[in-house]
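Residue numbers (the UniProt record's numbering): 1 to 133. For glycine and all other residues, C-beta sits at the position ideal for the given N, C-alpha and C. The structure appears right after this line, and notes come after that.
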């Protein structure tokens, strides 16, 4: 399974549309692109393997493996990139401004429903991050 995240960059944040097989799964918010600087920038475009991860803070969520120059880049709920993200990706049901969105937990639930069964079958799930053309 390969999810495709098409991004649009703005100085205040990054907006995205996450699709699978040409169908929109959810929208995303991220920090702005600041040359992959830790904790203040979104991550570089590319293809990353997703795995399930558990933490006390986020419970079950997704972890992007092998992000160049970064560790613990996650997909987890958040509605305001600048206040709640440190380089991670947050699914949202709708954009409400640059780097902001609504109903992140609902969007994340939809994403988990799609991805977790595939991971539980020990099949690979990747996310391909690109610029929106």
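- Query: Start and end of the beta strand (DSSP E) containing residue 90?
  - Reply: Sequence index remark: in the chain shown, residue 90 carries index 90 (1-based). Going by DSSP, residue 90 is part of the beta strand (DSSP E) stretching over 90 to 92.
- Please report the Cβ distance between residue 26 and residue 78, rounded to the nearest whole angstrom; I am assuming they are in contact, meaning their Cβ atoms lie under 8 angstroms. One-based indexing of the chain shown puts residue 26 at position 26. One-based indexing of the chain shown puts residue 78 at position 78. The Cβ separation is near 13 angstroms, so there is no contact.
- Query: Helix or strand or just coil, what does DSSP make of residue 104?
  - Reply: Taking the first residue of the chain shown as 1, we reach residue 104 at position 104. Looking at residue 104 - three-state DSSP - the assignment turns out to be helix.
- Distance, Cα to Cα, residue 14 vs residue 124? Start at 1 with the first residue of the chain shown, and residue 14 comes out as number 14. Start at 1 with the first residue of the chain shown, and residue 124 comes out as number 124. Between residue 14 and residue 124, the alpha-carbon positions lie close to 26 angstroms from each other.
- Exposure of residue 12, with buried meaning 16 or more beta-carbon neighbours within 10 Å: The sequence position of residue 12 within the chain shown is 12, counting from 1. Classification of residue 12: exposed, given that the 10 Å Cβ count is below 16.
- Using CA coordinates, which residue listed in 127, 85, 45, 31 is at the minimum distance from residue 57? Counting from one through the chain shown, the residue named residue 57 turns up at place 57. Answer by Cα proximity: 85.
- Between the Cα of residue 55 and the Cα atoms of 74, 98, 39, which residue gives the shortest distance? The residue you call residue 55 lines up with position 55 of the chain shown. The alpha carbon of residue 55 has as its nearest neighbour, out of 74, 98, 39, the alpha carbon of 74.
- Task: Answer with buried or exposed for residue 100, where buried requires no fewer than 16 other C-beta atoms within 10 angstroms of its C-beta.
- Result: Your numbering for residue 100 matches position 100 in the chain shown. Taking all protein chains in view, the Cβ of residue 100 is crowded by 16 or more other Cβ atoms within 10 Å, so the residue is classified as buried.
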